[in-house]
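There are 2 protein chains.
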Amino acid sequence: MINGIAGCQFMLAPMSDRYVDIILGAVAHVDTSRIESRTGKMGTVYRGRRADVLDAVKACLSYAYQPDVHMTLSMTLSEGCPGASCDIQTSVSVNKTASDERPANEAQIASIHFPVDCKFAYYPMGTPHYIEKIEDVIALSRTMGVFKETMPQATVLKGDVANIFDFFNKVMEKSETDDVHFIYEITFSVNSPSAD
Amino acid sequence: MINGIAGCQFMLAPMSDRYVDIILGAVAHVDTSRIESRTGKMGTVYRGRRADVLDAVKACLSYAYQPDVHMTLSMTLSEGCPGASCDIQTSVSVNKTASDERPANEAQIASIHFPVDCKFAYYPMGTPHYIEKIEDVIALSRTMGVFKETMPQATVLKGDVANIFDFFNKVMEKSETDDVHFIYEITFSVNSPSAD
């Protein structure tokens, strides 16, 4: 069931009067040649290899980032969804992508760094052992140095954008070995004026 | 395990230079006397009777609503979370609230109406029959007249704010009878300039 093909849908929310230009500019700037992509009223949908999808979301967040603008990006990221309900219909086939190619945006965003606050929840579906799996995921965030604290219904992370995305790439790779349909619900926040 | 006590955490994102005043003004305006409440950098947490929690979120969205501002509110809403990880520590006891009291904000927000776009996903945990349960929830959205369409990983709703919240109150009541830990991940969007 789990084949390393991930789907995500996300919404950018720049809290600025310039939000239209920031969102549309970032979305258009992302190289989506290796993924399926669709943008509509309820956000943007990507589907492809896990590393390509995470690369595209990281690029979109990075291109939307403005040092003076508080912004959130809320995202649903999943693998192993049974049936057709998680697919999007496009002319791009994700299977034609060789598994060892570097993600399309990697070189261009490698030098972009900024601090990110993040909260996430992990939902491994269809298994009575989901609590243990959630605890394993939280443990990995501690090991990788991005854990900040727990809050009701979520785990809070803090770190450079690169370290936060490295964590999600690593933890999804780990989740794939469980061979269940799983979902990560993630909210990134940058430049919040609120105190820690 | 399921006792009608719900927890939620949410973040408002008004896409306006005036976002601080809009968020803090709305959060402060909500009557939280019947729920536990905490606001921090990663959003606001409420806990209490399901009807009281939904009433408080609806009030917060309604007070933040500005006819000229595009805004999203993303929320995690759950019941039956095992252990203490979904609780918040406050001095308010949710158990002292009589179950037949009207929600605290109901009278004040009854006359506030505006159209809402909404997407949601339902996650019933720990059960192999989760797909059927998700399909039941989507069917109820059709019966109640708020279903718009499906998108990858989510169901899209459309309707007046009152009808959308009526749906979540009704569908959570239904979910409680399944007696499993369940989560609704919901994003409300108002005044989007994007076409349908």
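Top to bottom, those sequences are chains R and H.
With this note's numbering applied, the first sequence corresponds to residues 489 to 684, in that order.
With this note's numbering applied, the second sequence corresponds to residues 489 to 684, in that order.
Just so it is clear, CB atoms sit at the ideal spot from N, CA and C, and this is done for glycine as well.
Predicted model only: the values in this text are computed from it and were never measured.
Query: Val508(H) to Lys646(R) span [Cα, whole Å]; Result: 22 Å
Query: Test item: CB-CB of Met530(R) and Met503(H) under 9 Å; Result: no
Query: Where Phe498(R) sits in the DSSP three-state scheme; Result: strand
Query: Between the CA atoms of Gly614(R) and Val515(H) - distance to the nearest angstrom; Result: 36 Å
Query: 8 Å Cβ cut-off: residues of chain R touching Gln554(H); Result: Neighbours of Gln554(H) on chain R: none; closest Cβ ~12 Å, over 8 Å.
Query: Local Cβ density within 10 Å of Thr643(H), reported as buried at 16 or more and exposed below that; Result: buried
Query: Sufficient close CB pairs (3 or more, under 8 Å) joining the stretch 599–608 of chain R to the stretch 646–657 of chain R; Result: yes
Query: Neighbour flag for Val629(R) against chain H, beta carbons, 9 Å; Result: The question names Val, but residue 629(R) is Ser in the sequence shown. Not closer than 9 Å to any Cβ of chain H, the Cβ of Ser629(R) fails to qualify, so no.
Query: Span separating the alpha-carbon of Thr675(R) from that of Ser562(R); Result: 4 Å
Query: DSSP three-state assignment for Met693(H), whether helix, strand or coil; Result: Coverage of chain H is limited to positions 489 through 684, which leaves residue 693(H) absent and any answer about it impossible.
Query: 9 Å Cβ cutoff met for Val545(H) and Phe608(H); Result: no
Query: For Val557(R), the nearest candidate out of Tyr611(R), Thr631(R), Ala501(R) (CA to CA); Result: Ala501(R)
Query: Reduced DSSP category for Ala592(H) - H, G, I as helix; E, B as strand; rest coil; Result: coil
Query: Ile523(H) and Arg506(H) closer than 9 Å at C-beta; Result: no
Query: Cβ distance (whole Å) where Ala547(H) is taken to contact Ile597(H) below 8 Å; Result: 5 Å
Query: Any C-beta of chain R under 9 Å from that of His517(H); Result: no
Query: Lys658(R) versus Ser525(R), Glu620(R), Arg535(R), Gly633(R), residue with shortest Cα-Cα distance; Result: Gly633(R)
Query: Cys569(H) in three-state terms, based on DSSP; Result: coil
Query: Alpha-carbon spacing of Thr631(R) relative to Lys662(R), whole angstroms; Result: 14 Å
Query: With 16 other Cβ atoms within 10 Å as the buried cut-off, status of Ala595(R); Result: exposed
Query: CA-to-CA distance, Arg535(H) to Gly492(H), given in whole angstroms; Result: 11 Å
Query: CB contact check: Tyr507(H) to chain R, cutoff 9 Å; Result: yes
Query: Euclidean distance between Cα positions of Ser579(H) and Phe655(R); Result: Residue confidence for Ser579(H) is low, a pLDDT of 46 falling below 50, so the modelled location carries little weight and cannot support an answer.
Query: Neighbourhood of Leu628(H) by C-beta, 6 Å cutoff - its chain only, sequence neighbours within 5 removed; Result: Val659
Query: Through-space distance from Glu673(R) to Thr564(R), alpha-carbon basis; Result: 5 Å
Query: Any C-beta of chain R under 9 Å from that of His601(H); Result: no
Query: Proximal residues to Lys584(R) (C-beta, below 7 Å), its chain only, five neighbours per side dropped; Result: Low confidence applies to Lys584(R): its pLDDT is 47, below 50, so where it sits in the model is not reliable, and the reading given next is rough at best. Here the set comprises nothing.
Query: Rounded straight-line distance, which links the Cα of Cys569(R) to that of Pro570(H); Result: 25 Å
Query: C-alpha distance - Glu567(R) paired with Pro612(H), whole-angstrom precision; Result: 17 Å
Query: Amino acids of chain R, ordered along the chain, whose beta-carbon sits closer than 7 Å to that of Val644(H); Result: Met530
Query: Min CB distance Ser579(H) to chain R below 9 Å; Result: With a pLDDT of only 46 at Ser579(H), under 50, the local geometry of the prediction cannot be trusted, and no value is derived from it.
Query: Whole-number beta carbon distance between Ala592(H) and Ser434(H), since they are thought to touch under 8 Å; Result: The structure shown does not extend to residue 434(H), since chain H is modelled only from 489 to 684, so the question has no answer here.
Query: Closest residue to Asp540(R) among Ile511(R), Glu589(R), Gly513(R) (Cα-Cα distance); Result: Glu589(R)
Query: Close beta carbons around Lys636(R), own chain, < 7 Å, minus the five adjacent residues each side; Result: Val644, Leu645, Lys646
Query: Local Cβ density within 10 Å of Asp543(R), reported as buried at 16 or more and exposed below that; Result: buried
Query: Short CB-CB distance (under 9 Å) between Thr520(H) and chain R; Result: no
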